[in-house]
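Peer 1: Pasting a structure here, questions to come.
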Amino acid sequence: MAQSTIYSRVLGTGSYLPANRVTNQDLADRLAEHGVETSDEWIVARTGIHARHFAAPDQTTSDLALAASLRAIEAADIDPQSIDLIVVATSTPDFVFPSTACLLQNKLQIKNNGAAFDVQAVCSGFAYALATVDALIRSGQHRTALVVGAETFSRILDFDDRTTCVLFGDGAGAVILSASEEPGVLASALHADGSHADILCVPGHVNGGAVAGNAFLHMDGQAVFKLAVHVLEKVAVEALEKAHLSPDQVDWLIPHQANIRIMTSTCRKLRLPLERMVVTVGEHGNTSAASIPLALDLAVRDGRIKRGQTVLIEGVGGGFTWGASVIRY
Ligand code: UT7
């Protein structure tokens with residue numbers, strides 16, 4: 001008897017944004033206090049960002065991940081004890097170790113000794129996590145997975161550097177993926193080029209009980225911009241080809257939300273109408289690995305994304321890393 005194909009299918013989504021919403025004007029006022037000049041006009045024109053959310057001082061990345069995960073578990077209507085794999089994409093973990101995924105497993109009181117680990121691919125983190133989890137489910141090794149993108153980038157921002165501190169925000173998004181005979185994730189493509197490590201990095205590390213080097217985010221914005229525009233279209237087409245689909249068969253494009261100019265450029269290159277792109281960058285800023293699952297959850301909950309539709313996600317970030325997945329929702 002022929003064996004049926006196993007897919008990993010999205011059962012539910014959830015997300016969480018910290019309560020503290022900081023507008024461009026709030027940020028401009030805060031920066032002006034120490035002589036750093038920026039404006040709402042500049043930030044909106046160059047990035048499309050109007051506001052972002054910052055975690056409270058006592059909120060950690062695993063707290064944000066927990067809130068998003070509880071919502072995803074509720075939407076999926078599953079027993080949390082059935083989750084046998086937790087993968088958290090983050091570059092702002094609570095600790096050097098243990099992983100945020102292990103901390104999350106404990107906060108969710110999951111006692112089944114399933115696997116839990118973090119994925120570190122910066123803003124491509126969710127694309128990397130989703131593709132990894134999909135492979136583990138398709139292989140039959142795991143059945144029900146919680147995949148999270150969660151970040152507290154506000155902790156690594158240098159508020160004296162106006163070229164970076166106005167861009168990022170905090171948040172978390174989560175997805176429950178489960179083994180299914182019905183199509184789910186159709187195809188993925190992942191790539192990296194470590195020769196560009198220096199254009200987007202936090203070049204600090206822990207040594208002798210202290211932070212050595214610079215623990216603030218550094219970015220060469222223009223170099224990142226050029227690379228991002230170049231690789232995003234390529235990887236989107238690659239994932240679509242693997243899924244035997246053409247761009248016009250995509251119902252929703254969910255790009256990593258870094259800059260509306262990059263997002264619009266990719267959407268146009270794929271010849272997709274701009275209305276088919278889910279945009280949250282204006283209200284969330286760049287939440288790194290959290291941006292795609294945050295946008296996915298928003299569009300699922302407001303009814304835009306419907307069962308059976310085709311969703312293309314794509315991300316690019318530090319490393320340099322980039323990736324895309326095609327999902328039958
Ligand atoms: O999530 C991972 C992927 N990350 C990205 O995709 C980010 C990619 N890069 C970008 O989105 C853009 O490069 C930025 C939004 C970071 C910057 O936009 P840009 O159009 O490349 O601006 P720029 O760096 O060329 O700067 C233009 C001017 C400069 O002044 P001068 O040299 O022309 O006098 C900057 O000093 O804007 C100045 N500037 C600012 N002015 C007011 C830079 N930051 C600010 C600011 N407020 N916050």
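So the sequence shown is numbered by our numbering: it starts at 1 and just counts up by one. Note that beta-carbon positions come from the ideal geometry of N, C-alpha and C, so glycine has one too.
1) Note the first and the last residue of the continuous beta strand (DSSP E) segment covering Asp170.
2) I'd like to check one pair, Val206 with Val370: are the Cβ atoms closer than 7 Å?
3) Just mark Glu41 as buried or exposed, buried being the case when its beta carbon has 16 or more other beta carbons within 10 Å.
4) Kindly examine ligand 1 and report whether one of its heavy atoms sits closer than 6 Å to the Cβ of Ala150.
5) Exposed or buried, His244, counting other C-beta atoms within 10 Å across all chains shown (16 or more means buried)?
6) Buried or exposed: which applies to Ser178, given that a residue is buried once 16 or more other Cβ atoms fall within 10 Å of its Cβ?
7) Could you tell me if Pro93 is buried or exposed, where buried requires 16 or more neighbouring beta carbons within 10 angstroms of its beta carbon?
8) Assess contact between the segment 252-261 and the segment 192-208, defined as three or more Cβ pairs (one per stretch) separated by less than 8 Å. Is contact present?
9) At what residues does the beta strand (DSSP E) containing Asn334 begin and finish?
10) Which of helix, strand or coil does DSSP assign to Leu104?
11) Looking at the secondary structure, which residues open and close the alpha helix (DSSP H) in which Phe225 lies?
12) Comparing the C-beta of Leu167 with each C-beta of chain D, is any distance below 7 Å?
13) By the DSSP assignment, the alpha helix (DSSP H) with Phe126 in it spans what residues?
14) Looking at the unbroken beta strand (DSSP E) that takes in Val36, where does it start and where does it end?
Peer 2: Put simply:
1) Counted from its first residue, the sequence shown places residue 170 at position 170. Per DSSP, Asp170 belongs to the beta strand (DSSP E) from Asp170 to Ser180.
2) Residue 370 lies beyond the range of the chain shown here (1 to 329); nothing can be said about it.
3) As a working mapping, residue 41 is identified with position 41 in the sequence shown. With fewer than 16 other Cβ atoms within 10 Å, it is exposed.
4) As a working mapping, residue 150 is identified with position 150 in the sequence shown. No, Cβ of Ala150 sits at least 6 Å from all heavy atoms of ligand 1.
5) In the sequence shown, the residue the question calls residue 244 occupies position 244. Looking at its Cβ environment, which holds fewer than 16 other Cβ atoms inside 10 Å, His244 is exposed.
6) In the sequence shown, the residue the question calls residue 178 occupies position 178. Burial call: buried.
7) Sequence index remark: in the sequence shown, residue 93 carries index 93 (1-based). Burial call: buried.
8) no
9) There is no way to answer for residue 334, as the model of the chain reaches only from 1 to 329.
10) Start at 1 with the first residue of the sequence shown, and residue 104 comes out as number 104. In this structure, Leu104 counts as helix in the three-state DSSP scheme.
11) Locating residue 225 in the sequence shown gives position 225, counting from the first residue. Start and end: Gly221 to Lys242.
12) Absence of chain D from the displayed structure is noted, only one protein chain being present.
13) Reading the sequence shown from its first residue, position 126 is the one you call residue 126. From DSSP, the alpha helix (DSSP H) with Phe126 extends over Gly125 to Arg138.
14) To locate residue 36, count along the sequence shown from 1; it is residue 36. Per DSSP, Val36 belongs to no beta strand (DSSP E) and is neither H nor E.
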